[in-house]
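Structure first, then comments.
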Ligand code: GRF
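Residue numbers (this note's numbering): 312 to 539.
This is the structure in structure tokens:
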């Protein structure tokens with residue numbers, strides 16, 4: 312990050328200080344419709360910018376959204392790669408090639424290998440459609456309905472070596488109604504995802520998230536709440 316402080320030249324007591332910080336370049340990983348990517352595009356932030364969108368599938372709507380927004384795209388399919396490690400390395404290389412220093416998994420339906428965590432330590436963020444640790448994996452919405460829970464929700468977390476397991480940054484509850492099916496519940500969850508993910512990425516990019524083991528603290532909002 313580049314930081315520059317410009318002072319207005321007024322007397323010290325009333326001096327205005329302007330701080331400008333280069334936006335954090337991120338890579339957004341997608342596999343499908345990219346509605347979370349769209350939320351990141353629409354969140355106009357001065358703290359992060361989307362340097363590249365990487366998809367593991369050709370022809371998905373999320374790639375069109377990136378092109379419409381003028382963001383470079385890369386497709387890394389598993390076809391010619393050697394398993395999980397091969398595709399993980401190719402994705403990391405593509406992200407770094409565009410200068411990204413963090414990865415945001417926004418509906419990316421593939422498990423990255425441990426190599427990605429070595430390359431981007433505590434700098435990979437995932438959004439998951441349940442209140443983890445309940446219902447990890449690809450069928451989170453279906454499993455919430457099958458289990459009969461009355462509340463499910465959204466988790467945004469750092470990625471570690473295990474699936475849907477890393478330190479939890481934030482969670483939001485979403486009620487499950489008796490009339491829900493997978494589509495209606497997922498739509499309500501996604502509505503919440505769209506507001507939460509971009510906000511988390513913005514706070515991450517501002518350096519506001521402190522991590523100690525599994526515990527993530529928002530140092531900026533803590534300061535506000537404590538009045539310090
Ligand atoms: C999201 O609900 C995400 O939580 C899940 O897959 C969905 C992707 O939606 N992993 P989109 O591609 O962002 O529209």
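C-beta: ideal position from N, C-alpha, C; glycine also.
- Within the same chain, Cβ atoms closer than 8 Å to the Cβ of residue 507 are found at 438, 465, 467, 481, 483, the five residues on either side in sequence being excluded.
- Taking the CA atoms as reference points, residue 432 sits about 9 Å from residue 470.
- Remark: fewer than three beta-carbon pairs, one from each stretch, lie closer than 8 Å, so the region 374-389 and the region 440-456 are not flagged as touching.
- Its Cα nearest to that of residue 436, the residue 418 stands out among 418, 448, 462, 444.
- Judged by pairs of C-beta atoms under 8 Å, the region 421-431 does not touch the region 348-356, as fewer than three such pairs exist.
- If you check the C-beta of residue 379 against the ligand GRF, you find no heavy atom less than 7 Å away.
- Put simply, the region 359-366 touches the region 332-349. At least three CB pairs are less than 8 Å apart.
- Residue state for residue 517 is assigned as coil, using DSSP reduced to three classes.
- Setting aside the 5 residues that flank it on each side, residue 472 is surrounded in the same chain by 425, 428, each with a C-beta closer than 7 Å to its C-beta; the list follows chain order.
- When only Cα atoms are considered, residue 474 and residue 357 end up about 31 Å apart.
- Annotated three-state conformation of residue 394 is helix, per DSSP.
- In this structure residue 493 does not touch residue 462 by the C-beta definition: roughly 16 Å separates them, more than the 8 Å allowed.
- Here residue 420 has 342, 343, 367, 449 as same chain residues with Cβ atoms under 8 Å from its own Cβ, once five neighbours each way along the sequence are excluded.
- The beta carbon of residue 384 sits closer than 8 Å to the beta carbons of 363, 364, 365, 366, 374, 377, 378 from its chain, once the five residues preceding and following it are set aside; these are given in chain order.
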